[in-house]
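Protein sequences, first through last, are from chains A and B. Mapping the first sequence onto my numbering, position 26 (from 1) lands on 309, and the numbers just tick up by one. Mapping the second sequence onto my numbering, position 165 (from 1) lands on 194, and the numbers just tick up by one. Ideal Cβ positions, reconstructed from N, Cα and C, are used throughout, including at glycine. Predicted, not measured: the structure shown is a model, and the values here were computed from it. Worksheet: one structure, shown below.
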Amino acid sequence: MRWVADVHVRLRPGIADPEGQTIAGGLRALGFPSVGEVRAGKLLRVSFDAADQEAAEEAVSTMCRRLLANPVMETADWELQAEGIPDEEEIA
Amino acid sequence: MSRGPRLAVAVFPGTWSERDFVHVADLLGWEARLVWHADAELGNADAVVLPGGFAHGDHLRTGAIARFSPVMGAVQAFAERGGPVLGSCNGFQILCEAGLLPGVLLRNDHLQFRCDWQWLRVEHSAGPWLASEELSSGDLVSLPISHGEGRYHADPDVLAELEASGRVVLRYADGDGAVTDEANPNGSLNGIAGIVNQGGNVLGLMPHPERAAEAEVGGTDGLRILRSLERWLVAQPAVAERRL
C-alpha cells in the first residue's frame with residue numbers, strides 16, 4: 284500500500300528563530316503592524332510503501348526520529364494518508 | 030615517531046576545504062589521503078579530518094545526510110577507539126548530527142554568512158588537538174571563520190555538563206580575550222566555538238585552522254592546533270609503533 288505523509292518540522296519552543304523574526308519584520312513593513320511572532324519551519328511530503336496504517340505510522344515516526352528532525356532543536360508532527368483510496372464523499 | 034602523522038581527510042559531495050588540509054599537511058611534512066564518503070575504510074590513518082564545506086548540499090540540516098555516508102561508520106569506530114578526529118566548520122556540524130559530539134549548530138542569529146578573522150580564547154589545552162606545548166589555557170588565537178550556521182546550541186543540562194567537565198575548549202572573544210556578545214559572531218550559547226567529546230579525542234570547531242597556516246594568508250595560529258596532533262602522537266608510543 285502506498286502512503287503519503289505530510290511532515291511538519293518546527294523549531295522547538297524557546298529556540299530563537301531569526302528567520303521567523305525577519306519574516307515577521309517583513310510582514311509588519313507590508314502593512315500588518317499587528318503581526319506578532321512568526322516561526323519558520325519545513326513541510327516535507329514523503330510517499331512510501333507500508334502494509335497498513337500502523338506500519339505506516341511507525342515508519343514515519345522512525346523517519347522523523349532518525350533523520351527528518353533533530354530532537355535537540357526540532358519537533359516533528361505529521362498527517363498520514365493512504366494514496367489512491369477514495370475519501371468518503373466520493374464513495375457516497 | 031620517525032615520520033609525520035598520516036591524515037585521512039573525508040570528502041563528501043560538497044566538501045570544499047579538503048585540499049587546504051592536504052596543502053597544510055604537505056607544509057608540515059605529513060601524509061594526507063583523501064577518503065571519499067562512500068568508502069568505509071580509513072586506511073592506517075593516525076587521525077581523521079572532516080573538513081568544511083556543504084556536505085550533500087547541507088540539505089534538510091547541515092550534516093544531516095552526511096552522517097549516513099559509509100565513511101562515518103569508520104569515523105565513529107575510529108573515534109570510539111580513541112583516535113583523534115577533527116571536524117572544522119561543516120565537519121563540526123556533521124560530528125554533532127552523527128552524535129559524536131553533543132548539541133547542534135543553528136543558523137547564525139543575524140542570518141548573515143560570516144567570513145572573517147576571529148579571535149578565540151583557548152579554555153582548556155589538552156588532548157590531541159590542543160597540546161599544552163602549543164596552546165595554553167587563556168591563550169588568544171586568531172583563525173578564520175566562514176559559516177552561515179554556527180550558532181552552537183545544546184539543552185541546558187548538556188551545556189552545564191560540557192562546561193563543568195571542561196569540554197568547552199574554544200570561545201569567541203575580542204582582541205583582549207573578553208568573551209562578549211559583541212565578539213560572538215553567530216549567537217552561540219556561552220560564546221562556544223569549539224568542544225571536545227568525553228574522551229577529548231574528538232574536536233569540533235567552527236573556525237578553520239587549515240586557513241591559518243601561512244603568514245602570507247594572514248596568520249599561522251592554525252598550525253598550533255595541527256602541530257598539537259604530532260606532539261600527541263609522539264607521546265603515544267603504542268599508537269606510533271603500531272602504525273609504523
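### Task
Measure the C-alpha to C-alpha separation of B:Leu-164 and B:Asp-87 and round it to an integer number of angstroms.
The sequence position of residue 164 of chain B within the second sequence is 135, counting from 1. The sequence position of residue 87 of chain B within the second sequence is 58, counting from 1. Straight-line Cα distance between these residues: approximately 32 Å.
#### Entry: Chain-ordered chain A contacts of B:Arg-337 [CB-CB under 9 Å]
Nothing about residue 337 of chain B can be reported from this structure: the residues present for chain B run from 30 to 273 only.
### Query
Secondary structure at A:Val-329, three-state DSSP: helix, strand or coil?
Taking the first residue of the first sequence as position 1, residue 329 of chain A is located at position 46. A:Val-329 falls in the strand class under three-state DSSP.
### Task
Specify the secondary structure class of B:Ala-37 as computed by DSSP and reduced to three states.
Your numbering for residue 37 of chain B matches position 8 in the second sequence. Strand, per DSSP.
### Backbone CA spacing between B:Leu-252 and A:Val-343 [nearest angstrom]
Along the second sequence, read from residue 1 onward, the residue named residue 252 of chain B stands at position 223. Along the first sequence, read from residue 1 onward, the residue named residue 343 of chain A stands at position 60. Cα-Cα distance, rounded: 46 Å.
### Reduced DSSP secondary structure (H/G/I, E/B, other) of B:Pro-173
In the second sequence, residue 173 of chain B corresponds to position 144, counting from 1. Correct three-state label for B:Pro-173: strand.
### Task
Compare the beta carbon distance of B:Trp-80 and B:Leu-258 with 8 Å and say whether it is the shorter of the two.
On the second sequence, residue 80 of chain B is found 51 positions in, with the first residue counted as 1. On the second sequence, residue 258 of chain B is found 229 positions in, with the first residue counted as 1. The sequence shown places Pro at residue 80 of chain B, rather than the Trp named in the question. No. Outside cutoff.
### Query
With C-beta atoms as the reference, is B:Leu-234 less than 8 Å away from B:Phe-121?
Stepping through the second sequence from its first residue, residue 234 of chain B is reached at position 205. Stepping through the second sequence from its first residue, residue 121 of chain B is reached at position 92. Yes, these two residues count as a Cβ contact at 8 Å.
### Query
Looking at the structure shown, is B:His-139 part of a helix, part of a strand, or coil, going by DSSP?
Residue 139 of chain B sits at position 110 when you count from the first residue of the second sequence. Reduced to three states, the DSSP call for B:His-139 is coil.
### Query
Within 8 Å (strictly less), CB to CB, does A:Leu-310 reach chain B?
Against the first sequence, residue 310 of chain A aligns to sequence position 27. Closer than 8 Å: no.
### Query
Can you name the start and end residues of the beta strand (DSSP E) that B:Gly-223 belongs to?
Looking up residue 223 of chain B in the second sequence gives position 194. Unbroken beta strand (DSSP E) run through B:Gly-223: 221 to 225.
### Query
For B:Glu-178, which of helix, strand or coil comes out of DSSP?
Walking along the second sequence from the start, residue 178 of chain B turns up at place 149. Three-state DSSP puts B:Glu-178 in coil, outside helix and strand.
### Query
Applying the criterion that 16 or more other CB atoms from any shown protein chain within 10 Å of the CB defines a buried residue, is B:Leu-140 buried or exposed?
Position 111 of the second sequence, counted from the start, is the residue given in the question as residue 140 of chain B. It is exposed - the Cβ of B:Leu-140 has fewer than 16 other Cβ atoms within 10 Å.
### Task
Output the boundary residues of the beta strand (DSSP E) element that contains A:Ser-242.
Beyond the ends of chain A as shown, which are 284 and 375, falls residue 242 of chain A; an answer cannot be given.
### Task
Note the first and the last residue of the continuous alpha helix (DSSP H) segment covering B:Asn-110.
Locating residue 110 of chain B in the second sequence gives position 81, counting from the first residue. Here residue 110 of chain B turns out to be Arg, not Asn, going by the sequence shown. No alpha helix (DSSP H) contains B:Arg-110, which DSSP labels as neither H nor E.
### Query
Applying a beta-carbon distance threshold of less than 7 Å, which residues of chain A neighbour B:Val-133?
Stepping through the second sequence from its first residue, residue 133 of chain B is reached at position 104. Under the 7 Å cutoff, chain A gives Asn-353, Val-355 and Met-356.
### Query
Does the Cβ of B:His-85 lie closer than 7 Å to at least one heavy atom of the ligand ATP?
Although the ligand ATP was asked about, the structure shown includes no ligands whatsoever.
### Three-way DSSP call (helix, strand, coil) for B:Trp-261 in this model
Within the second sequence, residue 261 of chain B is the residue found at index 232, counting from 1. If DSSP states are grouped into helix, strand and coil, B:Trp-261 belongs with the helices.
### Task
Can you give me, in chain order, the residues of the stretch 120 to 154 of chain B that have a beta carbon less than 9 Å from any beta carbon in chain A?
Cys-125, Glu-126, Pro-131, Gly-132, Val-133, Leu-135, Arg-136, Asn-137, Asp-138, His-139 and Leu-140
### Extent of the continuous beta strand (DSSP E) run through A:Val-355
The residue you call residue 355 of chain A lines up with position 72 of the first sequence. A:Val-355 -> no beta strand (DSSP E), and no H or E assigned at all.
### Query
Interface residues of chain A around B:Ala-93 at Cβ under 8 Å?
Working through the second sequence from its first residue, we reach residue 93 of chain B at position 64. By Cβ distance, chain A contributes Leu-350 and Asn-353.
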